[in-house]
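**Q** Got a structure here, written out as structure tokens. Questions coming.
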């Protein structure tokens with residue numbers, strides 16, 4: 046049974062990601078490296094592309110303003 050789990054995990058790793066997924070993973074990693082926390086997709090209706098664009102702004106301005114960008118009309122941010 047352990048061999049089946051290992052084979053399953055190997056197949057997941059070899060799955061081809063879409064161009065958007067690869068770009069999303071890239072920007073998640075850059076955000077984590079720069080600001081020390083994980084970026085996220087806004088809930089309930091955020092998108093990967095929206096998060097990518099917000100991360101680009103954060104990186105350009107060298108400020109962790111992700112919460113403000115993803116939730117511009119609120120004073121409280123979700124952590």
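Numbering (the working numbering), first residue to last: 46 to 124. We put the beta carbon where it would ideally sit given N, CA and C, even for glycine. This one's a predicted model, so the numbers in the text were calculated from it and none came from an experiment.
(1) Assuming contact is defined by CB atoms lying nearer than 9 Å, are residue 80 and residue 115 in contact in what I supplied?
(2) Can you tell me whether DSSP reads residue 79 as helix, strand or coil?
(3) Three-state secondary structure (DSSP) at residue 71?
(4) Within the continuous alpha helix (DSSP H) that includes residue 93, where are the two ends?
(5) What does the Cβ neighbour count give for residue 50, buried or exposed, with the cut at 16 atoms within 10 Å?
**A** Let's see:
(1) The criterion of a C-beta distance shorter than 9 Å is not satisfied by residue 80 and residue 115.
(2) In this structure, DSSP gives residue 79 a helical state, which the three-state scheme calls helix.
(3) Residue state, collapsed to three classes: helix.
(4) For residue 93, the enclosing alpha helix (DSSP H) starts and ends at 93 to 106.
(5) Counting other Cβ atoms within 10 Å of its Cβ, residue 50 stays below 16 and is therefore classed as exposed.
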